[in-house]
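Going by full-length UniProt numbering, the letters in the sequence shown line up with residues 1 to 461, in that order.
See below for the structure under consideration.
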Amino acid sequence: MEKKTLFDKVWDSHVVLEVPNGPQILYIDQHLIHEVTSPQAFAELEERSIPVFRPQQIVATADHNVATKNQHLPIVDDLARNQVEMLTKNCAKNGITLYGLGHQYQGIVHVIAPELGITQPGMTLVCGDSHTSTHGAFGSIAFGIGTSQVAQVFASQCLLLNKPKSLRVNVNGKLAKNVSPKDVILYVISKIGTNSGTGYFCEYAGNVFREMSMEGRMTVCNMSIEMGARGGMIAPDETTFDYIKGRKFAPVGEELIQKIEYWKTLTSDDDAIFDKEYHFDAEDIAPMITYGTNPGMGIKITDTIPVVEDASFDKSLDYMGFKKGESLINKPINYVFIGSCTNSRIEDFRAVAQYIKGKQKASNVNALIVPGSQQVAKQIQEEGLTAVFEAAGFEIRQPGCSACLAMNDDKVPAGEYCVSTSNRNFEGRQGQGARTLLASPLVAAATAIEGKIIDITKQLN
């Protein structure tokens with residue numbers, strides 16, 4: 001019998017039709033949409049008089065360009081207001097469920113779908129957003145699509161695709177206690193580069209991923225796109241099943257029992273062949289930070305910036321204001337952003353609160369706490385974390401993509417440094433001229449307290 005990878009099993013079970021020597025038609029179980037990439041697709045369908053085929057398999061929310069202050073007031077920015085209004089109008093017209101501003105389930109699309117139990121193992125999920133890879137943490141095939149593909153899924157609930165090749169990243173061993181899932185994925189990308197996954201779908205394997213919480217697995221899969229992979233996935237297990245049970249749209253009773261029996265089959269067969277494979281030792285991983293303008297330009301926080309002779313490398317360091325061979329320890333930082341679809345879940349904020357409790361942020365730092373969803377915001381309040389953040393001088397905002405990308409009011413000024421828990425450090429990503437250093441919530445919290453980058457390993461050990 002043919003040995004299959006986890007990716008093969010989920011992909012092959014969704015192929016509707018195969019074109020000889022050509023692409024395949026893949027059925028999509030769940031389509032997630034937001035205000036930025038859906039208006040053009042709705043307009044295309046309307047122009048062609050094509051109805052939305054299965055609106056009950058679409059869920060919408062507003063996240064990218066919404067304000068994170070005074071969300072009860074009208075949106076000031078014309079483009080953002082128009083996009084949110086168009087989303088509201090299009091959802092109402094086509095019978096699509098919308099968790100818009102003011103709704104108890106509103107939030108970042110990649111945070112709300114898992115927390116509501118919409119994301120489940122063995123599914124195919126798409127969204128007009130590259131970090132849809134997040135949902136692969138459940139053993140689903142989840143990936144970002146372009147606007148024309150959003151229209152394809154609206155019209156047919158299917159996509160015409162060539163099957164990607166398979167890649168496996170194995171990390172085994174014991175992580176140091178202060179090394180988080182964000183450090184693991186930043187380390188992996190720093191080692192294999194931002195193009196290593198191009199043309200591939202990545203499976204994460206090894207005890208390090210098996211021992212992670214679901215929120216940690218989501219952080220890892222979220223950044224699969226940053227290594228160039230179409231998506232990432234982790235085989236579902238008891239941790240996955242326990243996370244799903246009891247969530248609003250999760251199956252219950254006999255249906256849940258049957259689904260779990262199926263979900264247990266979603267593992268790569270022994271001896272399944274991957275097109276490419278990497279192995280790493282957990283003991284080699286330490287708290288990480290990036291120094292350049294792509295997520296692969298990362299180092300252990302105690303290391304120095306490598307000496308590389310390359311024009312694009314020089315350009316990146318020039319933008320960041322850093323030098324080859326330089327240590328980032330004691331580098332002053334003015335902004336700290338803890339949020340985004342990578343690290344805005346309750347587990348992230350618990351880690352931050354535990355570290356900063358009883359401390360005070362440095363006077364030179366603007367420290368933002370931005371929950372990934374209304375439900376996370378509620379948890380922060382109910383668990384008493386609000387008081388911890390406020391006592392330490394952190395500012396708590398309302399849910400949204402916020403300072404991850406400069407599509408809303410939360411921009412970092414030109415020339416300023418921001419330690420960010422988000423996923424991209426591209427030029428201008430957080431605002432024109434802004435300089436982004438990617439890190440874990442713990443490193444971000446320590447930076448806010450000290451007003452500079454510190455050797456967190458010394459402090460915690």
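All C-beta atoms in this analysis are idealised placements derived from N, C-alpha and C, irrespective of residue type, glycine included.
- Residue 24: not part of any alpha helix (DSSP H); member of the beta strand (DSSP E) spanning 24-27, first to last residue.
- For residue 336, DSSP records a beta bridge to 367, 419.
- Separation of residue 22 and residue 1 (C-alpha to C-alpha, rounded to the nearest whole angstrom) is 24 Å.
- Residue 328 sits close to residue 453, with the two beta carbons spaced by under 9 Å.
- Rounded to whole angstroms, the gap between the alpha carbons of residue 341 and residue 48 is 34 Å.
- Our two residues, residue 255 and residue 119, have alpha carbons roughly 16 Å apart in a direct line.
- Straight-line measurement puts the Cα of residue 408 at about 26 Å from the Cα of residue 297.
- Looking only at 136, 33, 336, the smallest Cα-Cα distance to residue 91 is reached by 33.
- Inside the region 108-184, DSSP marks whole alpha helix (DSSP H) runs of 4 or more residues at positions 109-115, 147-156, from first to last along the chain.
- With distances taken between CA atoms, residue 225 lies nearest to 294 out of 294, 456, 56.
- The beta carbons of residue 335 and residue 422 sit no closer together than 9 Å.
- Apart from sequence neighbours up to five positions away, the residues of its chain that approach residue 209 with a beta-carbon distance below 6 Å are 234, ordered along the chain.
- Just so you know, the alpha carbons of residue 447 and residue 379 end up roughly 24 Å apart.
- The straight-line gap separating the alpha-carbon atoms of residue 222 and residue 137 is approximately 8 Å.
- The beta carbon of residue 357 sits closer than 6 Å to those of 388, all from its chain and outside the five residues before and after it, given in chain order.
- Each residue's CA atom was taken as its position, placing residue 195 and residue 337 some 26 Å apart.
- Per the C-alpha coordinates, the member of 435, 175, 146, 78 positioned closest to residue 284 is 175.
- For residue 192, the secondary structure class from DSSP, reduced to helix, strand or coil, is helix.
- Taking the Cβ atoms as the reference, residue 289 lies roughly 10 Å from residue 305, outside the contact range of under 8 Å.
- Shown here for residue 439: same chain residues with a beta carbon closer than 6 Å to its own, the five before and five after excluded, namely 289, 419 in chain order.
- Per DSSP, reduced to three states, the secondary structure at residue 350 is helical.
- Its chain contains 251 as the residues whose beta carbon lies nearer than 6 Å to that of residue 259, once the 5 sequence neighbours on both sides are disregarded; these appear in chain order.
- Only residues of its own chain outside the window of five on either side were considered, and among them 5, 6, 7, 166, 167, 168, 169, 232, 233, 234, 235, 268, 274 have a CB closer than 8 Å to the CB of residue 203, listed in chain order.
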